[in-house]
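These notes are about the structure you will find just below.
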Amino acid sequence: MQRKDKYGEDMKYSQITEWCHEIIRTQAKREGLYIDATMGKGADTAFLCELAGEQGHVIAFDIQEVALDYTKKRLENENLIGRAELILDGHEHMARYAGEKTVDLICFNFGYLPGGNHEIATRAETSVQAVEAGLSLLKSGGMMCLCIYSGGDTGFEEKNRLMEYLKNLPAKTYTVIVNQYFNRVNQPPIPVFVWKS
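Adding 388 to a residue's 1-based position in the sequence shown gives its number in this note's numbering.
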């Protein structure tokens, strides 16, 4: 039986999320402009709202109304709702909502909504477009965090396309660090961090 947290998220991945958040906490500028490119049930959105404080701002995207509902309730419960703008749109369109070189941090969790319809998931083509758009929005010194899920219902195409895209980013402009859960089976997520010079 899978253990769930209070928001219905799978506990086996909570370590991964917490570890990514710790890296972000030590690296990201506080009270900045942040994007949650895949809001899901709002874990990253809430975290970014805390990082934003009273002076910062979060823009969060999802294509599912249910994800916006989950996230809105979570932010209301945690008294963070005033710090975020929740947008029903694909993450590949994020440049419509933020200017070039204005964003301090962008978070992605690729795959499908935890506990949701597995047929509605991020896809290789739009995910690569979203990462490309996000990199143009990052300030110098900005950071992108990607948690890449693969296998199961979503297969490997998205992971392979994303990894190929990231591998070919110019080294003078970007530092890409790929992490691996070396002793886990069943295709554990791959956390990736990208810093912009």
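Where is the CB? At the ideal position from N, CA and C, for every residue including glycine. Since the model is a prediction, treat every value here as computed from it, not as a measurement.
Item	Value
Among Gly428, Ile578 and Arg549, which one has its Cα closest to the Cα of Glu520?	Arg549
For Leu525 and Glu419, what's the separation of their Cα atoms in angstroms?	17 Å
I'd like to check one pair, Gly478 with Thr459: are the Cβ atoms closer than 7 Å?	no
In chain order, which continuous runs of the alpha helix (DSSP H) of length 4 or greater are located wholly inside the stretch 512–583?	512–525 and 545–555
Tell me the rounded alpha-carbon separation between Met531 and Leu493.	5 Å
Between Asp424 and Val516, what straight-line distance do the alpha-carbon atoms span, to the nearest angstrom?	16 Å
Counting pairs of Cβ atoms below 8 Å between the stretch 441–458 and the stretch 557–571, do you hit three or more?	no
Please name the residue in Gly529, Arg462, Lys560 and Glu480 whose C-alpha comes closest to that of Ile451.	Glu480
Would you mind working out which of Tyr553, Lys489 and Gly444 sits nearest Glu529, comparing C-alpha positions?	Note on identity: in this sequence residue 529 is Gly, with Glu being the wrong assignment. It is Lys489.
On the three-state DSSP scale, how would you describe Leu468?	coil
Can you tell me which of Arg572, Phe449, Tyr569 and Ser585 puts its alpha carbon nearest to the alpha carbon of Ala559?	Ser585
Please classify Lys555 as buried or exposed, where buried requires at least 16 other C-beta atoms within 10 Å of its C-beta.	exposed
From what residue to what residue does the beta strand (DSSP E) around Asp450 run?	His445 to Asp450
Quick one: what's got a C-beta closer than 6 Å to Tyr553's C-beta in the same chain, skipping five residues either side?	Val516
Tell me which residue opens and which closes the alpha helix (DSSP H) that Asp432 is part of.	Ala431 to Ala440
Are the beta-carbon atoms belonging to Ala486 and Arg462 less than 7 Å from one another?	no
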